[in-house]
Each structure stands twice: as C-alpha cells, then as structure tokens.
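Numbering (the numbering used here), first residue to last: 52 to 116.
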C-alpha cells in the first residue's frame with residue numbers, strides 16, 4: 052500500500068529542489084551536481100514507490116481484499 056516512507060521520499064525531493072533553487076539564486080555552482088543527483092534519486096524512488104503502491108492497490112481490489 053501507500054507507506055509513510057513515500058512521504059519522506061517526496062519531502063526529500065522537495066527539499067533538494069529548494070536547495071537547488073537556493074544554490075542557483077546564490078550562484079553556488081559547486082553544489083549543483085550533488086543536488087541534481089539527490090533530485091534524480093529521490094524523484095525516481097518516489098515515482099517507483101507510487102507506481103508500486105498503485106499496482107498493489109489494483110491487485111488487492113481485483114482479488115477482493
């Protein structure tokens with residue numbers, strides 16, 4: 052199902068996005084690689100978790116749970 056860890060992943064994604072915007076605003080280009088890596092990693096993980104939760108929900112609905 053929809054676990055609480057998905058909320059943590061989405062929060063970390065938003066936090067990294069905010070950090071990226073702040074780094075760009077302050078012209079701190081040294082941290083861009085790390086922040087982009089975090090955004091890609093947390094975003095990919097969150098999307099996969101949401102997709103898995105949706106599939107699991109559909110399977111449970113079909114089985115009758």
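For every residue, glycine included, the Cβ atom is placed at its ideal position computed from N, Cα and C.
| Are the region 82-90 and the region 106-116 touching, with three or more C-beta to C-beta distances below 8 angstroms? | no
| query | What first and last residue would you give for the alpha helix (DSSP H) that runs through residue 58? | reply | 55-76
| query | Exposed or buried, which one is residue 85 when buried takes at least 16 other CB atoms within 10 Å? | reply | exposed
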